[in-house]
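J.: The sequence shown begins at 19 in my numbering and counts up by one.
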Amino acid sequence: MSRKITIKAFKYNPLSKISKPHFATYELEETDGMTLFIALNVIREKFDPELSFDFVCRAGICGSCGMLVNGKPSLACRTLTKDYPDGVIELMPLPVFKLLKDLSVDTGNWMNAMSKRVESWIHTDHET
């Protein structure tokens, strides 16, 4: 038996002069094994094609789908909607990162800088 869940997603486009930060509320039918990634895609397909969020691997490896879920950092691809018994889930973009739009933040510049700081490439003792 499926239940209705409520997703409250932060909406704001900092590049738009008319956009104001607010929450958009979406009600949808929960399916077995539904992750927030799946729920966000349902929202984009059925209710709000303009909703922005990030994903790459969909396997909990890359971290690009990270967001605040009810105030806690989580990965949308790994977070199950069934783990929220009251069925109300509030989504916010990750803090610290530059907001691009809605739930989408600029992790690319941070990752690039981190890669340079930790020199995350293969080092060899000889030149090629």
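Ideal placement from N, C-alpha and C gives every residue a C-beta, glycine not left out.
In the DSSP assignment, what residue or residues form a beta bridge with T125?
T.: As a first step, residue 125 is located in the sequence shown; it is residue number 107 there, counting from the start. BP columns for T125 are empty, so no partner.
J.: What separation, rounded to the nearest whole angstrom, lies between the Cα atoms of D50 and I140?
T.: Counting from one through the sequence shown, the residue named residue 50 turns up at place 32. Counting from one through the sequence shown, the residue named residue 140 turns up at place 122. D50 and I140: Cα-Cα distance of roughly 42 Å.
J.: Considering only their Cβ atoms, is the gap separating S82 from T125 smaller than 8 Å?
T.: Here residue 125 corresponds to residue number 107 of the sequence shown, with the count starting at 1. Here residue 82 corresponds to residue number 64 of the sequence shown, with the count starting at 1. Going by C-beta atoms, T125 is nearer than 8 Å to S82.
J.: Would L207 and L118 qualify as a contact pair, given that the criterion is a beta-carbon distance under 8 Å?
T.: The structure shown does not extend to residue 207, since the chain spans only 19 to 146, so no value can be given for it.
J.: Kindly indicate the opening and closing residues of the alpha helix (DSSP H) around K38.
T.: Residue numbering aside, residue 38 sits at position 20 when the sequence shown is read from its first letter. For K38, there is no enclosing alpha helix (DSSP H), as DSSP marks it with neither H nor E.
J.: Check the DSSP bridge columns for T43 and list the partner residues they point to.
T.: Position 25 of the sequence shown, counting from 1, holds the residue named residue 43. In the DSSP output, where bridge partners are listed per residue, T43 has K26.
J.: Smallest Cα separation from L46: which of T142, T99, K116, H40?
T.: Position 28 of the sequence shown, counted from the start, is the residue given in the question as residue 46. Closest option to L46, Cα to Cα, is T99.
J.: From E48 to N88, what distance separates their C-alpha atoms?
T.: One-based indexing of the sequence shown puts residue 48 at position 30. One-based indexing of the sequence shown puts residue 88 at position 70. If you take the alpha carbons of E48 and N88, they lie about 18 Å apart.
J.: In chain order, what residues of the same chain have a beta carbon less than 7 Å from the beta carbon of P91, not counting five sequence neighbours either side?
T.: Working through the sequence shown from its first residue, we reach residue 91 at position 73. The residues are G84, L112.
J.: Quick check on DSSP: helix, strand or coil for E48?
T.: Numbered from its first residue, the sequence shown carries residue 48 at position 30. The answer is coil: DSSP assigns E48 none of H, G, I, E or B.
J.: What does the Cβ neighbour count give for V114, buried or exposed, with the cut at 16 atoms within 10 Å?
T.: Numbered from 1 along the sequence shown, position 96 holds the residue referred to as residue 114. With fewer than 16 Cβ atoms within 10 Å of its Cβ, V114 is classed as exposed.
J.: How many angstroms separate the CA atom of R21 from the CA atom of M52?
T.: Within the sequence shown, numbered from 1, the residue matching residue 21 stands at position 3. Within the sequence shown, numbered from 1, the residue matching residue 52 stands at position 34. Going by the C-alpha atoms only, they are around 11 Å apart.
J.: How would you write the range of the beta strand (DSSP E) that I107 sits in, first residue to last?
T.: What you label residue 107 is simply residue 89 of the sequence shown in a count that begins at 1. From DSSP, the beta strand (DSSP E) with I107 extends over 106 to 110.
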